[in-house]
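If you use the working numbering, the sequence shown corresponds to residues 1335 to 1817, in order.
Ideal Cβ positions, reconstructed from N, Cα and C, are used throughout, including at glycine.
Down below is the structure, laid out as structure tokens.
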Amino acid sequence: MSDASQGLRLYNTLTRTKEDFVPIDPQNVRMYVCGPTVYDFAHIGNARPVIVFDVLFRLLRHLYGETHVTYVRNITDVDDKINARALRDFGGEISAGTLSLNEAIRRVTEKTADQFHGDVATLGCLEPTVEPRATEFVEPRADGKADMITLIQSLIGRGHAYVAAGEVLFDTASMLDYGQLSKRNLDEQQAGARIAVDAHKKNPGDFVLWKLSSPEEPGWQSPWGRGRPGWHIECSAMSAAYLGEVFDIHGGGLDLIFPHHENEIAQSRCAHGTDVMANVWMHNGFLQVEGQKMSKSLGNFYSIHELLETDTFGGRKWPGDVLRLAMLMTHYREPIDFSVRKLEEAENTLRKWKRAADLAPVAGGRLPAEVVEALSDDLATYAAFQQLTQLAGEATDFDGDGENAAAAALKTALAFLGFDVDAAKVDEVAVAKAIAHRLELIAAKNWAEADRVREELLTQGVQLKDGKDPLTGERMTTWEIKR
């Protein structure tokens, strides 16, 4: 364990203060982050927590040792939206009896989960230590790990849940300090309720732990009939299965504070009889697109895959590490305006860093203490990036003999932060193809498209020079790396 680990401070949503991080067990630092519901491709708002907590995962591994950190990020593969997507995509086959609903659901979730994994890998994110699927933790398990049905039985037995109208509901009034995370007072919620309360609920805020499934819906056998779990109980079971009843850090987006994380806390604490579920709760801020809330109705709803593979945002594809830097240029707790301008700024910054880092042959330098110190202050990425810019300047100005220490340190820091330090290498075959295509466009007098190809190469650090072959007099184009 690094001595620097004693300086790690994190903002705790539960206490609304920045605190010294003291792990329960320094030999096994434990973190849980809510993962995607795999009914559709992950959107760019989903990318932010994945990137933010990947940085924290990397920092914890540096401070406490790679083998001493357990990071759990779940896959939610049981959800009514998934059921609806399966019926939409495979309704004909289901009606014809050639495909069961469960098989259709599996097809939907496998496809979207695979795409999610590919997308976040392109964004430079490490795989979590464990990635449990919700469907694997509904029923009691042979390995004895926590499961949803057993947790619900425990809540009923402890007087915190009840059965009504075919559902099992959590009794919020049974928990005296319910609402600590979101700072919502239960009495105020009940008095201010503006919608009719379901007749079978004791209190307006009571939430579903288990609900019955119709024959056309997926379900599991339980003491309360064939049904499926509520959303919140899933994370309580999966976190307990791998991290225990109380663990160090729970993360996710700001939108999850209420009701999801609040209800996770209620379930877990009441089922286990503990004072807390996690010691530190961390939440990243909201994301807007070009100054507006992301919405399909506004036409500004983009998946990670679209940004990586199509020209639907800003008229071009965006490299994964450019998207990563754009997300990290704003402090994780602040709202972020995701824009073409921000991506262009990130791309230009990253290009300068990588060219400077490329002056070192390998990433063999020591990780700069100043970068670790910045990140240890509640993931102050902006301060860390100021250090990278300073290193880039020192690396570029270096004209001495021997190793360029600043370039080596910069390359190490970039790799540590999840950026592809080999991306500065130019794909000569790809450049040759682009030049040939541009010459064809010039011959066809498609000047606008030819200029676009030139500009796209320039963003990759490739400067084109047009001229004539001295022997044949034919038009030719040469290129060089623009440093």
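Check: Given serine 1480, which residues of its chain have a CB within under 6 angstroms of its CB, disregarding the five upstream and five downstream residues?; Outcome: The residue you asked about is not serine; residue 1480 is alanine in the sequence shown. Taken in chain order, the residues that qualify are Ala1571, Ala1574 and Ala1575.
Check: Quick one: complete beta strand (DSSP E) runs, 3+ long, within the region 1579-1654?; Outcome: 1581-1587, 1612-1618 and 1621-1623
Check: Please report the straight-line C-alpha distance between arginine 1407 and glycine 1500, rounded to a whole angstrom.; Outcome: 31 angstroms
Check: Note down, in chain order, each residue of its chain lying with its Cβ closer than 7 angstroms to the Cβ of aspartate 1453, except the 5 sequence neighbours on either side.; Outcome: Ala1376, Ile1638, His1639 and Leu1642
Check: Confirm, please, whether the CB-CB distance from valine 1363 to histidine 1402 is below 8 angstroms.; Outcome: yes
Check: Can you give the Cα-Cα distance for arginine 1667 and glutamate 1461, rounded to whole angstroms?; Outcome: 23 angstroms
Check: Could you tell me the alpha carbon to alpha carbon distance between methionine 1661 and isoleucine 1385, rounded to whole angstroms?; Outcome: 8 angstroms
Check: Which of the three DSSP states is assigned to lysine 1799 in this structure?; Outcome: strand
Check: If you check the beta carbons only, do tryptophan 1544 and glycine 1564 fall under 8 angstroms apart?; Outcome: yes
Check: Pick helix, strand or coil for proline 1474, following the three-state DSSP scheme.; Outcome: coil
Check: Taking the C-alpha atoms as reference points, what is the distance between glutamine 1626 and phenylalanine 1635?; Outcome: 10 angstroms
Check: For threonine 1644 and glutamine 1601, what's the separation of their Cα atoms in angstroms?; Outcome: 42 angstroms
Check: Does the distance from the CB of alanine 1690 to the CB of alanine 1726 come in under 8 angstroms?; Outcome: yes
Check: When the Cα atoms are used, what is the spatial distance from arginine 1492 to glycine 1379?; Outcome: 38 angstroms
Check: Following the continuous beta strand (DSSP E) through arginine 1364, name the residue where it begins and the one where it ends.; Outcome: 1363-1367
Check: Which residues mark the beginning and the end of the beta strand (DSSP E) in which tryptophan 1558 is found?; Outcome: That residue, tryptophan 1558, is in no beta strand (DSSP E); it is neither H nor E in DSSP.
Check: Expressed to the nearest angstrom, what Euclidean distance is found between the alpha-carbon atoms of glutamine 1524 and alanine 1612?; Outcome: Because glutamine 1524 sits at a pLDDT of 49, beneath the cut-off of 50, its placement in the model cannot be relied upon, and the point is left open.
Check: Do the region 1461-1472 and the region 1419-1436 meet, that is, are 3 or more Cβ pairs less than 8 angstroms apart?; Outcome: no
Check: Tell me whether glycine 1649 is buried or exposed, calling it buried when 16 or more other Cβ atoms sit within 10 Å of its Cβ.; Outcome: exposed
Check: Looking only at its chain, what residues have a beta carbon closer than 8 angstroms to the beta carbon of glutamate 1568, apart from the 5 residues adjacent to it on each side?; Outcome: Asn1408, Thr1410, Val1412, Ala1468, Phe1471 and Met1482
Check: Any chance the region 1710-1717 sits against the region 1769-1785, with 3 or more Cβ pairs inside 8 angstroms?; Outcome: no
Check: Look up asparagine 1346 in the DSSP assignment and give the residues it is bridged to.; Outcome: Thr1351
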